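Going letter by letter, the sequence shown gives residues 1 to 179 in UniProt numbering. We treat Cβ as the ideally placed atom computed from N, Cα and C, and that holds for glycine. Quick caveat: nothing in here was measured; it's all calculated off a predicted structure. Read the structure below first, then the notes.
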Amino acid sequence: MKTMKAYTIQFVGLKLGKHNFDYQIDNSFFDHFEYDEFNAVNINVNLLLQKKTTLMELHFKAKGTVNVNCDVTNEPFDQPIEDAFSLVVKFGEEYNDENEEILIIPNGEYEINVAQYIYELIVLALPAKKIHPGIEDGTLQSDILEKLEELSPSASDDKNKEEDIDPRWDKLKNLLTDK
Numbered sequence: 001m002k003t004m005k006a007y008t009i010q011f012v013g014l015k016l017g018k019h020n021f022d023y024q025i026d027n028s029f030f031d032h033f034e035y036d037e038f039n040a041v042n043i044n045v046n047l048l049l050q051k052k053t054t055l056m057e058l059h060f061k062a063k064g065t066v067n068v069n070c071d072v073t074n075e076p077f078d079q080p081i082e083d084a085f086s087l088v089v090k091f092g093e094e095y096n097d098e099n100e101e102i103l104i105i106p107n108g109e110y111e112i113n114v115a116q117y118i119y120e121l122i123v124l125a126l127p128a129k130k131i132h133p134g135i136e137d138g139t140l141q142s143d144i145l146e147k148l149e150e151l152s153p154s155a156s157d158d159k160n161k162e163e164d165i166d167p168r169w170d171k172l173k174n175l176l177t178d179k
């Protein structure tokens, strides 16, 4: 992955205090990471950098939508995204990013690239299972949903299975309840 210059902040020339950076994220951003799970991306990321004498605090806020495919029907839909992340940047002897909330950079550094943090913020804001809102409220009409409904076991199938059980098993079940 090439470093993306638009997401590099040269903090050495900034005065102490708060500084705002706004980023408009689209599909080209995720192309750099070779991440192709999104059909379309429209996210605004606001970065508030608070520079102090010995450290910097970065507060990321992402809000927007990503167009993804539903995990049930594979129908595309817009998934709203809203998340926040804070990072403390300290100066030390060598680079260390083992702690997810604290980044240690070498004393001589004069810039920081925030593209990786924006990428992780957006990807981790997605739910584990992406379900089309039309499925939850019952308004989505799809061939896949009809086929799933047709193939799903119904309540009458469960009753038929219970009726077909050999009566000898009932005696064994009584052993469990006769304690």
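- Taken in chain order, the whole alpha helix (DSSP H) runs of length 4 or more contained in the stretch 5 to 59 are 27 to 31.
- Gly-134 has no beta-bridge partner at all, per DSSP.
- Only residues of its own chain outside the window of five on either side were considered, and among them Thr-65, Val-66, Asn-67, Val-68, Leu-126, Pro-127, Lys-130 have a CB closer than 8 angstroms to the CB of Gln-79, listed in chain order.
- Between the stretch 35 to 47 and the stretch 17 to 27 there are three or more inter-stretch CB-CB distances shorter than 8 angstroms, so the stretches are counted as touching.
- Counting the other Cβ atoms within 10 Å of the Cβ of Leu-14 gives fewer than 16, which makes it exposed.
- Annotation: Asn-107 is outside any alpha helix (DSSP H) and is labelled neither H nor E by DSSP.
- For Val-123, the three-state secondary structure derived from DSSP is helix.
- Within the model, the alpha-carbon separation for Tyr-7 versus Gly-92 is close to 22 angstroms.
- Contiguous beta strand (DSSP E) elements confined to the stretch 67 to 108 occur at 76 to 92, 102 to 106, taking only those with 3 or more residues.
- In the displayed model, Ala-62 falls within a strand according to three-state DSSP.
- Straight-line measurement puts the Cα of Leu-151 at about 33 angstroms from the Cα of Leu-172.
- A residue is called buried once 16 or more other Cβ atoms fall within 10 Å of its Cβ, and Ala-84, having fewer, is exposed.
- Glu-111 and Phe-11 do touch by the CB rule: their CB atoms are close to 7 angstroms apart, below 8 angstroms.
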